[in-house]
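Numbering that gives the first Met the number 0 numbers the first residue of the sequence shown as 0 and each following residue consecutively.
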Amino acid sequence: MMLALGLFVFMRQTLPYQSMQHDISWRWPSNSRVGERPAFQFLGVEEEKITLSGTLYPELTGGRFSLLTLKLMADEGKAWSLIEGTGTIYGMFVVNSVRQTNAEFFNDGTARKIDFTLELTRVDESLANMFGDIGKQAESLVGKARDVAGDVVSKVSGAAGGLF
0 MMLALGLFVF
10 MRQTLPYQSM
20 QHDISWRWPS
30 NSRVGERPAF
40 QFLGVEEEKI
50 TLSGTLYPEL
60 TGGRFSLLTL
70 KLMADEGKAW
80 SLIEGTGTIY
90 GMFVVNSVRQ
100 TNAEFFNDGT
110 ARKIDFTLEL
120 TRVDESLANM
130 FGDIGKQAES
140 LVGKARDVAG
150 DVVSKVSGAA
160 GGLF
């Protein structure tokens, strides 16, 4: 697996991209000042975009059905989680555009070569907001594990006490 957008998995059999461009920018507007350099103020993160592009050879790799799947996902108007094969979580992304250029055709008009570009935009606030406070989740799990362990110990000691 190279990448997963929701349940769609990018791999050689579906949509193997050859390049991935990841753009993030931050907002720093300036205010002019008399006799001084402009003052800058940090306003936060701007849009985060990922562009995937590549060439498909339907006889060897994915083809028009893989692109159709992405177009149908875009038609849903939903955000999808984007996770890299290495485990990197990028966040929740929407499909902005799918560009497709067909070339080198068979006699029936089927393309032997399909160039594609897929543009995605991140729409979640942050990974912390998306997953919540990991520390609080861990504390909750540890607390539940302690409760379960205590119940098990009391049942075992009760059963063992009945034997002796």
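Backbone N, C-alpha and C define an ideal beta-carbon position, used for all residues, glycine too.
- For Asp74, the enclosing alpha helix (DSSP H) stretches over residues Arg63 to Glu75.
- Here Arg145 carries a helix assignment [DSSP, helix/strand/coil].
- Out of Leu14, Met1 and Ile113, the CA that lies nearest to the CA of Gly61 is found in Leu14.
- Under the three-state reduction of DSSP, Phe104 is assigned to strand.
- Under the criterion of beta carbons closer than 8 Å, Leu51 and Ile113 do not qualify as touching, at roughly 14 Å.
- Closest option to Gly53, judged by alpha-carbon separation, among Ser18, Leu2, Gly108 and Asp123: Ser18.
- Between Ser80 and Gly5, the gap from beta carbon to beta carbon is short of 8 Å.
- In the three-state reduction of the DSSP assignment, Arg98 falls in the strand class, which pools E and B.
- Distances from the CA of Ala102 to each of Phe115, Arg32, Met91 and Val94 were compared; the closest alpha carbon is that of Phe115.
- Going by DSSP, Asp114 is part of the beta strand (DSSP E) stretching over Ala110 to Arg121.
- Per DSSP, Ala38 is one residue of the beta strand (DSSP E) stretching across Glu35 to Phe39.
- A distance of 8 Å or more separates the beta carbons of Phe92 and Thr68.
- Around the beta carbon of Gly90, 16 or more other beta carbons lie within 10 angstroms, which makes this residue buried.
- Boundaries of the beta strand (DSSP E) harbouring Gly53: Gly43 to Leu55, taken from the DSSP string.
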